[in-house]
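S.K.: Numbering (our numbering), first residue to last: 25 to 369.
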Amino acid sequence: MFALRSVRKEDLNDLFELSKLMNFINLPSDKDLLQEKIKSSVESFRNPSKNLSENYYIFILEDLTSAKIIGVSMIHAKHGTKEEPHFFLKLGTEEKKSTTLKKTYSHKTLKLGYETNGYSEIGGLVLNPDYRGNKDKLGKQLSFIRFLYMGLNSNRFTEQIHSELMPPLDEKGNSPLWDAIGEKFFHMDYKKADLLSLSNKEFILNLYPSEVIYESLLPQSAKEVIGQVGPYTKPVKKMLESIGFKFMEEVDPFDGGPHYRVPLNQIKPIREMIKGVITNDQHYDEKNAKQLLISLSSEVDEFYSTKILANIHQIDKENVTIVVKPDQFRYFDMKKDQTFSGIFL
Numbered sequence: 025m026f027a028l029r030s031v032r033k034e035d036l037n038d039l040f041e042l043s044k045l046m047n048f049i050n051l052p053s054d055k056d057l058l059q060e061k062i063k064s065s066v067e068s069f070r071n072p073s074k075n076l077s078e079n080y081y082i083f084i085l086e087d088l089t090s091a092k093i094i095g096v097s098m099i100h101a102k103h104g105t106k107e108e109p110h111f112f113l114k115l116g117t118e119e120k121k122s123t124t125l126k127k128t129y130s131h132k133t134l135k136l137g138y139e140t141n142g143y144s145e146i147g148g149l150v151l152n153p154d155y156r157g158n159k160d161k162l163g164k165q166l167s168f169i170r171f172l173y174m175g176l177n178s179n180r181f182t183e184q185i186h187s188e189l190m191p192p193l194d195e196k197g198n199s200p201l202w203d204a205i206g207e208k209f210f211h212m213d214y215k216k217a218d219l220l221s222l223s224n225k226e227f228i229l230n231l232y233p234s235e236v237i238y239e240s241l242l243p244q245s246a247k248e249v250i251g252q253v254g255p256y257t258k259p260v261k262k263m264l265e266s267i268g269f270k271f272m273e274e275v276d277p278f279d280g281g282p283h284y285r286v287p288l289n290q291i292k293p294i295r296e297m298i299k300g301v302i303t304n305d306q307h308y309d310e311k312n313a314k315q316l317l318i319s320l321s322s323e324v325d326e327f328y329s330t331k332i333l334a335n336i337h338q339i340d341k342e343n344v345t346i347v348v349k350p351d352q353f354r355y356f357d358m359k360k361d362q363t364f365s366g367i368f369l
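Here it is in structure tokens:
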């Protein structure tokens, strides 16, 4: 059995072990940094700041059999402020025409832009490699718990939800686009610049080329990664597109990874969210069961969720009765007529 919940202070050691398995900038292999992230998340769930950019929400996936944390996902309530702008390269086209030669050429262009009144951003999804491909769709659960939480707490987030996807990198984890542009203006490697950008945005604005960059002047290796995703990110891209996210013709100025956005109230799982009560006094029909990710009551200031199989008896989205698979009903100590909110997996 698996369960999802908001992070706790005592999760530090498990998160540190998870961070050592993967090289993700949002999950640093540094106990002090992780402790700060956990502290910020606990406070955000308990008492969110009116300044949305200060609020970070960390969700963890726990293997209840081994009592180990095997995955994590995150929401930053606002990415892009006057102090720390959201930077991007806007993709465009520019037409060049010669009347004497009777020739017209259309050039793809890149132009640095920034946003100071940004968006809630989903990211930081990490799943222990040993659990990939699990029949319980653990990666999808980690992703969807964020939508369940946002749907129930929309006042804590912006109207637009933003996601930045990882592009293809070379075998050493470097970016061909960075080698073609960034390295020539910053004189540092991709990983160092990416890490620095977490705490310093000034150098991007003042050192990155401010004029239009013509894609045709870039090497083929750089052109091929612009707006593309790496092999491990393709399922994430497919999932985001299936629930309403759109490519914004923007990419990361360092590595060319694509930026996606969607209005919060147009995210499919949120639009289709159901609410009602749980029962166990009706027959459970395995063949007609649906997979749901539901929120369950838990300790104060925590958010708790799990995937269940259930028969759904629906009058409307706000008036639903579900018959939960009996062993799950018992395992999670559910009560008859207990209220729930859920999204479909």
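Note that the Cβ used here is the ideal one computed from N, Cα and C, for glycine as well.
These figures come from a predicted structure and were not determined experimentally.
Measure how close the beta-carbons of residue 162 and residue 173 come, nearest whole angstrom, since I'm counting them as under 8 Å.
M.R.: Walking along the sequence shown from the start, residue 162 turns up at place 138. Walking along the sequence shown from the start, residue 173 turns up at place 149. About 17 Å; that fails the 8 Å criterion.
S.K.: Could you give the C-beta distance for residue 175 and residue 367, rounded to a whole number, given that I count them as a contact under 8 Å?
M.R.: Numbered from its first residue, the sequence shown carries residue 175 at position 151. Numbered from its first residue, the sequence shown carries residue 367 at position 343. Indeed they touch by this definition, with Cβ atoms about 7 Å apart.
S.K.: I'd like the span of the alpha helix (DSSP H) that includes residue 175, first residue to last.
M.R.: Residue numbering aside, residue 175 sits at position 151 when the sequence shown is read from its first letter. Note, residue 175: alpha helix (DSSP H), 162-176.
S.K.: Identify, in the order they occur along the chain, each residue of the same chain with its Cβ nearer than 6 Å to the Cβ of residue 111, setting aside the five sequence neighbours on each side.
M.R.: Position 87 of the sequence shown holds residue 111. Taken in chain order, the residues that qualify are 138, 228, 277.
S.K.: Just to confirm, is the Cβ distance from residue 214 to residue 160 under 8 Å?
M.R.: Residue mapping note: residue 214 aligns to position 190 of the sequence shown, counting from 1. Residue mapping note: residue 160 aligns to position 136 of the sequence shown, counting from 1. It is not a contact, given that the beta carbons lie outside the stated cut-off.
S.K.: Taking just the CA atoms, how far does residue 125 sit from residue 262?
M.R.: Position 238 of the sequence shown, counted from the first residue, corresponds to residue 262. Position 101 of the sequence shown, counted from the first residue, corresponds to residue 125. The alpha-carbon atoms of residue 262 and residue 125 are separated by roughly 44 Å.
S.K.: What whole-angstrom Cβ distance do residue 334 and residue 360 have, given they're in contact under 8 Å?
M.R.: In the sequence shown, the residue the question calls residue 334 occupies position 310. In the sequence shown, the residue the question calls residue 360 occupies position 336. Going by Cβ atoms, the distance from residue 334 to residue 360 rounds to 14 Å, so no, they are not a contact pair.
S.K.: Please say whether residue 170 and residue 146 have beta carbons closer to each other than 8 Å?
M.R.: In the sequence shown, residue 146 corresponds to position 122, counting from 1. In the sequence shown, residue 170 corresponds to position 146, counting from 1. Yes; because the gap between Cβ atoms is below 8 Å, this pair is in contact.
S.K.: Skipping 5 residues on each side, what residues in its chain have a beta carbon closer than 7 Å to that of residue 268?
M.R.: The sequence position of residue 268 within the sequence shown is 244, counting from 1. These residues qualify, in order along the chain: 286, 290, 291, 292.
S.K.: Does DSSP put residue 313 in a helix, in a strand, or in coil?
M.R.: Reading the sequence shown from its first residue, position 289 is the one you call residue 313. If DSSP states are grouped into helix, strand and coil, residue 313 belongs with coil.
S.K.: I need the DSSP call for residue 179, collapsed to helix, strand or coil.
M.R.: Working through the sequence shown from its first residue, we reach residue 179 at position 155. In the structure shown, residue 179 sits in a helix (DSSP, three-state: H, G or I).
S.K.: According to DSSP, what are the bridge partners of residue 287?
M.R.: Along the sequence shown, one-based indexing puts residue 287 at 263. Looking at the DSSP output, residue 287 sits in a beta bridge with 184.
S.K.: Measuring only the C-alpha atoms, how far is residue 341 from residue 33?
M.R.: On the sequence shown, position 317 is the one that residue 341 refers to. On the sequence shown, position 9 is the one that residue 33 refers to. Rounded to whole angstroms, residue 341 to residue 33 spans 35 Å at the Cα level.
S.K.: If you draw a straight line from the alpha carbon of residue 299 to that of residue 320, how long is it in whole angstroms?
M.R.: For the purposes of this step, residue 299 is taken as residue 275 along the sequence shown, with counting starting at 1. For the purposes of this step, residue 320 is taken as residue 296 along the sequence shown, with counting starting at 1. Between residue 299 and residue 320, the C-alpha separation is close to 12 Å.
S.K.: Nearest CA to the CA of residue 26: which residue from 151, 102, 99?
M.R.: For the purposes of this step, residue 26 is taken as the residue at position 2 of the sequence shown. When only C-alpha atoms are compared, the closest one is 151.
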